[in-house]
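From first to last, the protein sequence lines are chains A and B. The opening residue of the first sequence carries number 1 in this note's numbering; numbering runs sequentially from there. The opening residue of the second sequence carries number 1 in this note's numbering; numbering runs sequentially from there.
Protein chains: 2
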Amino acid sequence: MMLQEKEKNSDLIGSDRVEGTTVYGADNDKIGSVEKLLIQKRGGQVTDAIISAGSFLGIGGEHHSIPWAKLDYDTELGGYRLDVTEEQLKEAPRFKAEDADRAYDREYQSRVYDYWAVAPFW
Amino acid sequence: MMLQEKEKNSDLIGSDRVEGTTVYGADNDKIGSVEKLLIQKRGGQVTDAIISAGSFLGIGGEHHSIPWAKLDYDTELGGYRLDVTEEQLKEAPRFKAEDADRAYDREYQSRVYDYWAVAPFW
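Shown next, in the form of structure tokens:
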């Protein structure tokens, strides 16, 4: 799908453009892709992106909740960039696809925000 | 897909749960559904939901950009509610599916925020 001119130059992005976008690591290697976003119901603030990593057939992959502020869009790469390598990402708080409920667990979120050194949103 | 317990009780919602959700009007009639969200690239704030209305076969439908603050989630209905009727919505700023670029047009957005009496985000 081609980006139209206004869309490209906008300070806004559609959620459909974010979902599925590739995430690159500090060394420009593909780390994974954005599965979905977590949004505060009340205020509409995106808090985290859920990244699916280490699986290119949808099997055995790890999921990571990544604070939105840690994802930089890189126009050259055409994807988001994280300032960690794929190896380092393995040490970050994660969960299995079948444990998707973890993303909403405050204890897990605490570990996420601690790991990424971002001020918690709660 | 069943909502898991933590997800249900969370103050966060996944973008995948918002997209496709039915939007009801003031009279509880189905008005349309959420197609996607517009998000500020920099801060991650959801500004608007793009609603697809008046089309149940995907043909001839109108799209509306609706400020996020105007959409209330109604747990009884299991969808978002707008405080206008389907008839009134037809008077709101809208665009055709093939003019999706309009959503990123500041002149269009100005009319949207004016119509819905919401303070602009820009």
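We treat Cβ as the ideally placed atom computed from N, Cα and C, and that holds for glycine. As the structure is a prediction and not an experimental result, all values here were calculated from the model.
How about V117 of chain B: is its C-beta nearer than 8 Å to some C-beta of chain A?
Checking the displayed sequence, the identity of residue 117 of chain B turns out to be Ala instead of Val. Judged by the 8 Å Cβ criterion, A117 of chain B is not in contact with chain A.
Can you say whether T75 of chain A is buried or exposed, counting buried as having 16 or more other CB atoms within 10 angstroms of its CB?
Classification for T75 of chain A: exposed.
Whose C-beta lies closer than 7 Å to the C-beta of Y73 of chain A among residues of the same chain, with five residues either side of it excluded?
Result list for Y73 of chain A: Y80, in chain order.
Please list the partners that K36 of chain A has in chain B, where partner means a Cβ-to-Cβ separation under 8 Å.
Neighbours of K36 of chain A on chain B, chain order: G14, S15, D16.
Starting from D29 of chain A, find everything on chain B with Cβ-Cβ shorter than 8 Å and list it in chain order.
Correct list: empty, because the minimum Cβ distance to chain B is about 23 Å.
Between the alpha carbons of N9 of chain A and D48 of chain B, how many angstroms are there, rounded?
Approximately 17 Å, taken between the alpha carbons.
For the region 43-54 of chain A, which residues have a CB atom closer than 7 Å to at least one CB atom of chain B, in sequence order?
Listed by position along the chain: G44, Q45, V46, T47.
When B:E5, B:K6, B:G78, B:I39 are compared against A103 of chain B, the one with the closest alpha-carbon:
Nearest option by C-alpha distance: B:I39.
Within 8 Å (strictly less), CB to CB, does K41 of chain A reach chain B?
True, the Cβ-Cβ gap to chain B drops below 8 Å.
Give me the Cα-Cα distance between G43 of chain A and E87 of chain A, rounded to the nearest whole angstrom.
Here the alpha carbon of G43 of chain A sits roughly 35 Å from the alpha carbon of E87 of chain A.
Name the residues in the region 102-115 of chain B whose C-beta lies less than 7 Å from a C-beta of chain A; which are they?
Look at the region 102-115 of chain B: the residues with a C-beta under 7 Å from a C-beta of chain A are Y104, D105.
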